[in-house]
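Please read the structure below before turning to the comments.
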Amino acid sequence: MESMNMSYMDPKTVTLIGIPGLEHVQFWIGFSFFAVCLVALLGNIILLIIIPTEHSLHQPMYIFLAVLAATDIGLCVAIAPKMLAIFWFGFYSMAFDACLAQLFFIHALQGMESGILLAMAFDRYVAISICNPLHYKVVLTHSRIMGMGLASMTRGVVLMVPLPILLKRLPFCKDVILSHSYCYHPDVMKLACGPITVNIIYGFGLGLFVMLSTLGVDAVLILLSYVMILKAVLSIASNAKRLKALNTCISHICVVLLFYTPQVSLSVIHRFGKKKLPAQVYMLLSYLHFLVPPMLNPIVYTVKTKEIRVWILKMFQRRKF
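Take 12 as the starting number for the sequence shown in the numbering used here and just add one per residue.
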């Protein structure tokens, strides 16, 4: 009995789930997720090939885009393999330590992506407010770009490191059965039990602090950046130049909306409309909110960036001939 209790206190494995109520078709749903992940991986890998090789794209906005593509690839790699293993092969079990590692990478990569989007918003503000390419390059030097990128990555890692450490210390008095196909901090945290009031309060407090200090603060700063961008655009006398300045921001605005809108929508549904919405729809939305932005981000920038489109066309023409 003592060894059984100890195994519950220190679980070796966790159990993930697929899509409740759709188990009979989730094998086929897995192909849709696979297609989304494949497009996301190919699109972001192409960006990582194009941006370093195309000299005209050696600008701060596209350097940040390359970092964003790398984080999107990491997010797909962190989530998709286990999700597809569940959908296709029924491998629901996962080592507890592997679950904590996946949890860390998911939250850290999301924090990094949010920081990169903030850096890209600052880049657009500097580009539009200065309106002089030479001064723009003086303000956003390569060292400052690297510093901003490293700061975003370091913040994402440092703030998320305590999450798996805290979860590792908590006791679990029953089977750890999660409610998704991936490990997520609130999902694991709520299954902890025992006389751990202080740990739970600290854990939830830390989780709330991490969310507010990354996604929350970044969203507010991005919004303020665009308020200043709009102010700078309105100060431009020529209507044609105004439209041209705003056009340089459209891609970034789309990517920001793709990143934040699903998260805000899911939070609202979780708080107010989860009981009214079919569980299957909520589960599918929770999966897609991780995978759809990485798929659409490279598509948005390919559509809006002539240099990327030309490079891709040249690549296909070389293959054809």
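Beta carbons are placed, not taken as given, at the ideal position from N, Cα and C, and that holds for glycine. Just so it is clear, the structure is predicted and the values come from calculations on it, not from any experiment.
Self-check item: From Ile240, Leu170, Ala51, Ile40, residue whose alpha carbon lies closest to that of Ala132
Solution: Locating residue 132 in the sequence shown gives position 121, counting from the first residue. If we check each option's Cα against that of Ala132, Ile240 comes out closest.
Quiz prompt | Distance CB(Ile74)-CB(Ile62) smaller than 9 angstroms | solution = Position 63 of the sequence shown, counted from the first residue, corresponds to residue 74. Position 51 of the sequence shown, counted from the first residue, corresponds to residue 62. The answer is yes: Cβ separation under 9 angstroms.
Practice problem: Could you please give me the residues that DSSP links to Val25 through a beta bridge? | Solution: Counted from its first residue, the sequence shown places residue 25 at position 14. The partner list for Val25 (beta bridge, DSSP) reads Met105.
Exercise. Within the same chain, show all residues whose beta-carbon is closer than 6 angstroms to that of Asn16, passing over the 5 residues directly before and after it, in chain order.
Key: Taking the sequence shown and counting its residues from 1, one reaches residue 16 at position 5. Per-residue confidence for Asn16 stands at a pLDDT of 49, beneath the threshold of 50, marking its modelled position as unreliable; no derived number is given.
Exercise. Verify whether the separation of the beta carbon atoms of Ile57 and Pro309 is less than 9 angstroms.
Key: Position 46 of the sequence shown, counting from 1, holds the residue named residue 57. Position 298 of the sequence shown, counting from 1, holds the residue named residue 309. Yes, these two residues count as a Cβ contact at 9 angstroms.
Practice problem: State the beta-bridge partners of Ile188 as determined by DSSP. | Solution: Sequence index remark: in the sequence shown, residue 188 carries index 177 (1-based). DSSP output for Ile188 lists Thr26 as bridge partner(s).
Quiz prompt | Outcome for Leu128 when other beta-carbon atoms lying within 10 angstroms are tallied against a minimum of 16 | solution = For the purposes of this step, residue 128 is taken as the residue at position 117 of the sequence shown. It counts as buried.
Exercise. Determine, using beta-carbon pairs with one atom in the stretch 86-99 and one in the stretch 272-281, whether at least three such pairs fall under 8 angstroms.
Key: Contact between the stretch 86-99 and the stretch 272-281 is not established, with fewer than three Cβ pairs separated by less than 8 angstroms.
Self-check item: Start and end residues, alpha helix (DSSP H) containing Phe100
Solution: Counting from 1 along the sequence shown, the entry for residue 100 is found at position 89. That run of the alpha helix (DSSP H) goes 71-100.
Quiz item: Does the separation of the CB atoms of Pro175 and Cys204 fall below 9 angstroms?
Solution: For this step, residue 175 is matched to residue 164 along the sequence shown. For this step, residue 204 is matched to residue 193 along the sequence shown. Cβ distance not < 9 angstroms, so Pro175 and Cys204 don't count as in contact.
Quiz item: Smallest Cα separation from Lys179: which of Phe107, Val231, Tyr136?
Solution: As a first step, residue 179 must be located in the sequence shown, where it is residue number 168. Considering only alpha carbons, the answer is Phe107.
Quiz item: Under 9 angstroms between the Cβ atoms of Leu27 and Cys194?
Solution: Walking along the sequence shown from the start, residue 27 turns up at place 16. Walking along the sequence shown from the start, residue 194 turns up at place 183. It is a contact, given that the beta carbons lie within the stated cut-off.
Self-check item: Alpha carbon of Pro304 to alpha carbon of Lys185, nearest angstrom
Solution: As a position in the sequence shown, residue 304 is number 293, starting the count at 1. As a position in the sequence shown, residue 185 is number 174, starting the count at 1. Those two C-alpha atoms are separated by around 35 angstroms.
Quiz item: Can the beta-carbon of Ser262 be found less than 9 angstroms from the beta-carbon of Val311?
Solution: Position 251 of the sequence shown holds residue 262. Position 300 of the sequence shown holds residue 311. The answer is yes: Cβ separation under 9 angstroms.
Practice problem: Classify Met326 as buried or exposed, calling it buried when 16 or more other Cβ atoms lie within 10 Å of its own Cβ. | Solution: Taking the first residue of the sequence shown as 1, we reach residue 326 at position 315. Met326 should be labelled exposed.
Quiz item: Relative to the C-alpha of Lys93, which residue among Ala109, Thr82, Ala251, Val78 is closest?
Solution: Working through the sequence shown from its first residue, we reach residue 93 at position 82. Checked all of Ala109, Thr82, Ala251, Val78; the closest Cα to Lys93 is Ala109.
Quiz item: Pick from Thr64, Val149, Leu226, Val187: whose alpha carbon is nearest that of Cys23?
Solution: By 1-based counting over the sequence shown, the position of residue 23 is 12. Checking the sequence shown, residue 23 turns out to be Lys, not Cys. Answer by Cα proximity: Val187.
Exercise. Determine, using beta carbons only, whether Leu296 and Ser276 come nearer to each other than 9 angstroms.
Key: Residue mapping note: residue 296 aligns to position 285 of the sequence shown, counting from 1. Residue mapping note: residue 276 aligns to position 265 of the sequence shown, counting from 1. Contact: yes.
Quiz item: Does DSSP classify Gly126 as helix, strand or coil?
Solution: Locating residue 126 in the sequence shown gives position 115, where the first residue counts as 1. Residue state, collapsed to three classes: helix.
Exercise. Measure how close the beta-carbons of Gly126 and Ser163 come, nearest whole angstrom, since I'm counting them as under 8 angstroms.
Key: The residue labelled residue 126 in the question sits at position 115 within the sequence shown. The residue labelled residue 163 in the question sits at position 152 within the sequence shown. So it is a contact: roughly 3 angstroms between Cβ atoms.
Quiz item: Between Tyr298 and Ser192, is the Cβ-Cβ spacing less than 9 angstroms?
Solution: Here residue 298 refers to the residue found at position 287 when the sequence shown is read from its first residue. Here residue 192 refers to the residue found at position 181 when the sequence shown is read from its first residue. Taking 9 angstroms as the Cβ cut-off, Tyr298 and Ser192 qualify as a contacting pair.
Quiz item: In or out: His118 buried (at least 16 other Cβ within 10 Å) or exposed?
Solution: In the sequence shown, residue 118 corresponds to position 107, counting from 1. Answer is buried; the Cβ neighbour count reaches 16.
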